[in-house]
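2 protein chains.
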Amino acid sequence: MRTEICERFGIEFPLLAFSHCRDVVAAVTNAGGMGVLGAVAYTPDRLEEELRWIDDHVDGRPYGVDVLVPGKIDESAERAGRGEGGLDTMLAAVPKEHWAFLAGLFAKYDVPPPDLDRARRGDSRGGTQVTKEGATELIDVSLSHPIRLIASALGTPPPLMVDKAKAAGIPVAALVGTAEHARRQVAAGVDLIVAQGGEAGGHTGEISTMVLVPEIVDTVAPIPVLAAGGIATGRQMAAALALGASGVWCGSVWLTTEEAETSPTVKAKMLAATSRDTVRSRSRTGKPARQLRSAWTDEWDDPASPGPLGMPLQMIVAHGAMAQIEKIAESGNPGARALANYFVGQCVGLMNTVKPARQVVYDMMRDFAEALDRLNTISGE
Amino acid sequence: MRTEICERFGIEFPLLAFSHCRDVVAAVTNAGGMGVLGAVAYTPDRLEEELRWIDDHVDGRPYGVDVLVPGKIDESAERAGRGEGGLDTMLAAVPKEHWAFLAGLFAKYDVPPPDLDRARRGDSRGGTQVTKEGATELIDVSLSHPIRLIASALGTPPPLMVDKAKAAGIPVAALVGTAEHARRQVAAGVDLIVAQGGEAGGHTGEISTMVLVPEIVDTVAPIPVLAAGGIATGRQMAAALALGASGVWCGSVWLTTEEAETSPTVKAKMLAATSRDTVRSRSRTGKPARQLRSAWTDEWDDPASPGPLGMPLQMIVAHGAMAQIEKIAESGNPGARALANYFVGQCVGLMNTVKPARQVVYDMMRDFAEALDRLNTISGE
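Keeping their order, the protein sequence lines are chains A and B.
Each number in the working numbering comes from the position in the first sequence (counting from 1) with 672 added on.
Each number in the working numbering comes from the position in the second sequence (counting from 1) with 672 added on.
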């Protein structure tokens, strides 16, 4: 296929796959698309290890890295990020009420609690990597590998990221949910815009892909635009390209692949979920993020709860808790199963079978071609 | 073009235009699409007049009528609809608190209030037409004209509507926001499903067009599906057809046409609005409906307000108030201008110039063809 994205990255099919799982990244790259590793959950050492593994498995084919750099973070976290107290400062900023609510949740759902004292003492990385310092380390590790793209999943990439990437000759992509943000990103030096509709999984705005993509294509032309949000099939990819996108950026669809890191409980929930079973909630990260609706989101979004904190404080609160819930859910604990969830878009309703990631790419290619044939038949060409 | 919709209705371009304005309905029908008159705001006599006018202006070309028949209405309204007290029963069911809040709003925004006593005495039709009896009268008037489609904008059409339409040989369409509702509509005898994404104006769900359309196409096949929600351009129409739709159903895009009934204040707001300037609010009808965000929606959706009532009681509260606000806004009253709004989808961000409705159709045809050319160039065909 011939789009600016295919030419720029030397790929056959303009499909970028966002995943936290190195196997998915490599599989999509090897199948003719381009994998992008979500780095936010990793320590710099672990990221180094993951990227080395990918380098060993893609035979020089292109892949990218996504680092979450929030434009605006909680003030106390900001201070911590500047070295004024570090993790301790952040931990101290979490109100007692929130730890108590969390403890109450574990009791209510009859799930053995994680070591909350340990969490309070800071034996958890949750939250620290979305400070400026944390993100900078991840950027440095990424740029020491032959990556072909670096992306910022949240907010305008800081000048430091753009400068480092430009010096290394690596294009910078940014995810945006409004035309206004897209303008700001282009002004900040971004080379590629990912227009992400509100139906997307993870951090997301409220404008739908159908409206957002043409709006952003017109706003940032001639900067190429990838469409994201709700896309899990080839016909949706054809739709995105009809809207003016040069390619698509898919995240959710990999979560039910064979390779995915998704836990068995959450994978089963996703396979069973319909498009109605997601919610935009601040309960995991402190910023609105679409995810499976579960007892976890219901409890935090209930008016009786103390309400989620901002980012990254809510990440600190949620990090160890979600890890514990996921672990206990695998033993069959019903409360933990009720609470378990993960980020996913509305296209979860279209994700009904487990397939290898490679097969997802091939199916999208075939479905894309069929959609195009159908369109040509309709228009009599 | 060749889609089931084109063949079924004998139209050139599978674009259905929902409008409360007879001029738009006739213009779209005459330009090669098919207009559908939204009948909910009309009395039976007025509807008769409008349809006679359309008959005189479309020279036998196809058009349809849309009647809003809610599946579930407020109990006291239901009683009223069954003749148990009529409008009086409904009026009595509106709490004093809501009339007081409304009076307070007019005072706060320095807008001369409508005659609320008159409204309370029932000199308003607001709300009564969405009872079963009200809708039945509109259906009877519609079927006495050479309409080619009758649509139900909200909820499953009652057996009475389906039976009357079938007896008259008129296909029934229904708007749905979830696959589950689509299944129910098909079981109720509907011939054509309008899959309406959450970005749409008016009563709408939360699943986006990009996800909903392929889901519903797969669910109801071989029943044809029209895509609705966010669509205002030909490239979006191409996207909808790529998703598997047989055509599109557009409502918002006509509101800024030359012919539109939209008041000058609201039209100016729509032309200036971006895709971020809408909100799903219960403040006009009692059910979640996407509309321009304004002081009206902000005030009703504020936790300090008594909160919107259900349908149709909130329609009774809002009906005379909105008419007064619209009227006073035209005299330049700043409070009334701040309050004024109307139903519109997120595609309002793409509606930036006033054009004749005919021109909107022609522009969509051209834009559709260009999108298809672009897709074929991309795929190397």
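All residues carry an ideal CB built from backbone N, CA and C; glycine is no exception.
Cβ of residue i within 9 Å of Cβ of residue j?
i         : j         : result
B:Ile903  : B:Ala912  : yes
B:Ala807  : B:Leu985  : no
A:Ala823  : A:Trp926  : no
A:Val866  : A:Ala851  : no
A:Pro786  : A:Ala990  : no
A:Pro936  : A:Asp782  : no
A:Leu981  : A:His875  : no
B:Arg680  : B:Asn702  : no
A:Leu821  : A:Val737  : yes
B:Ala860  : B:Thr891  : no
B:Gly906  : B:Ala1041 : yes
A:Thr950  : A:Val1032 : no
B:Ala1043 : B:Met833  : no
Where residue i and residue j are concerned, what is the direct C-alpha to C-alpha distance, given to the nearest angstrom?
i         : j         : result
B:Glu722  : B:Ala900  : 25 Å
A:Gly707  : B:Glu931  : 49 Å
B:Ala1055 : A:Arg718  : It is not possible to answer for residue 1055 of chain B, since the shown part of chain B is limited to 673 through 1053.
B:Gln963  : A:His729  : 51 Å
B:Trp725  : B:Ala713  : 17 Å
A:Met762  : A:Met983  : 11 Å
B:Trp921  : B:Ile677  : 11 Å
B:Leu815  : B:Asp731  : 18 Å
B:Pro837  : B:Val858  : The question names Pro, but residue 837 of chain B is Ala in the sequence shown. Each residue's Cα considered, the two are about 15 Å apart.
B:Leu709  : B:Asp727  : 12 Å
A:Asn1024 : B:Glu887  : 12 Å
B:Val862  : A:Leu1047 : 26 Å
B:Gly1017 : B:Lys959  : 15 Å
A:Ser953  : A:Pro716  : 28 Å
B:Arg956  : A:Leu788  : 47 Å
Against chain A, with Cβ distances strictly below 9 Å, would residue i count as a contact?
i         : result
B:Arg907  : yes
B:Ile1057 : It is not possible to answer for residue 1057 of chain B, since the shown part of chain B is limited to 673 through 1053.
B:Asn702  : no
B:Pro886  : yes
B:Ile683  : no
B:Met882  : yes
B:Ala914  : yes
B:Ala976  : no
B:Ala867  : no
B:Gly1021 : yes
B:Ser1051 : yes
B:Gly902  : yes
B:Gln1018 : yes
B:Phe778  : no
B:Asp738  : no
B:Phe1040 : yes
Assuming residue i and residue j are in contact, meaning their beta carbons sit under 8 Å apart, how far apart are those beta carbons, in whole angstroms?
i         : j        : result
A:Leu847  : A:Ala825 : 5 Å
B:Trp700  : B:Ala711 : Looking at the sequence shown, residue 700 of chain B is not Trp but Val. Actually they are not in contact, since the Cβ atoms of B:Val700 and B:Ala711 sit about 16 Å apart, beyond 8 Å.
A:Gly1021 : A:Ser924 : With 8 Å as the limit, A:Gly1021 and A:Ser924 do not qualify as a contact, their Cβ atoms being about 10 Å apart.
B:Ile1050 : A:Arg674 : 6 Å
B:His770  : B:Glu933 : The Cβ separation is near 27 Å, so there is no contact.
A:Ile1000 : A:Pro784 : 6 Å
B:Ile842  : B:Ile819 : 6 Å
B:Val697  : B:Tyr735 : 6 Å
Looking at chain B, is there any beta carbon in it that lies within less than 9 Å of the beta carbon of residue i?
i         : result
A:Ser796  : Here A:Ser796 scores only 49 on pLDDT, less than 50, and its place in the model should not be relied on; the value that follows carries that caveat. Not one chain B Cβ lies under 9 Å of A:Ser796.
A:Asn1013 : no
A:Ser953  : no
A:Ser691  : no
A:Arg948  : yes
A:Leu1047 : yes
A:Leu1044 : yes
A:Gly755  : Only weak support is given to the placement of A:Gly755: the predicted model assigns it a pLDDT of 45, under 50, and the value that follows is read from those uncertain coordinates. Output row for A:Gly755: interface = no.
A:Ala840  : no
A:Glu1055 : Chain A is shown only over 673 to 1053; residue 1055 of chain A falls outside these bounds and no answer can be derived.
A:Glu852  : yes
Do residue i and the ligand NAP come close, with the Cβ less than 8 Å from some heavy atom?
i        : result
A:Gly806 : Ligands are entirely absent from the displayed structure, and the ligand NAP is therefore not among its contents.
### Task
Would you check if the segment 882 to 889 of chain B and the segment 1004 to 1014 of chain B touch, i.e. whether three or more CB-CB distances between them fall below 8 Å?
No, because fewer than three Cβ pairs between the segment 1004 to 1014 of chain B and the segment 882 to 889 of chain B fall closer than 8 Å, the two stretches do not touch.
### Query
Does the segment 971 to 987 of chain A come close enough to the segment 769 to 783 of chain A to have 3 or more Cβ pairs within less than 8 Å?
yes
### Query
Is the segment 1027 to 1036 of chain A touching the segment 935 to 942 of chain A in the sense that three or more CB pairs, one from each, lie closer than 8 Å?
no
### Query
Using 8 Å as the Cβ pair cut-off and three pairs as the minimum, do the segment 962 to 976 of chain A and the segment 677 to 692 of chain B touch?
No contact exists between the segment 962 to 976 of chain A and the segment 677 to 692 of chain B.
### Query
Taking three-plus beta-carbon pairs below 8 Å as touching, is the segment 861 to 872 of chain A in contact with the segment 865 to 880 of chain B?
yes
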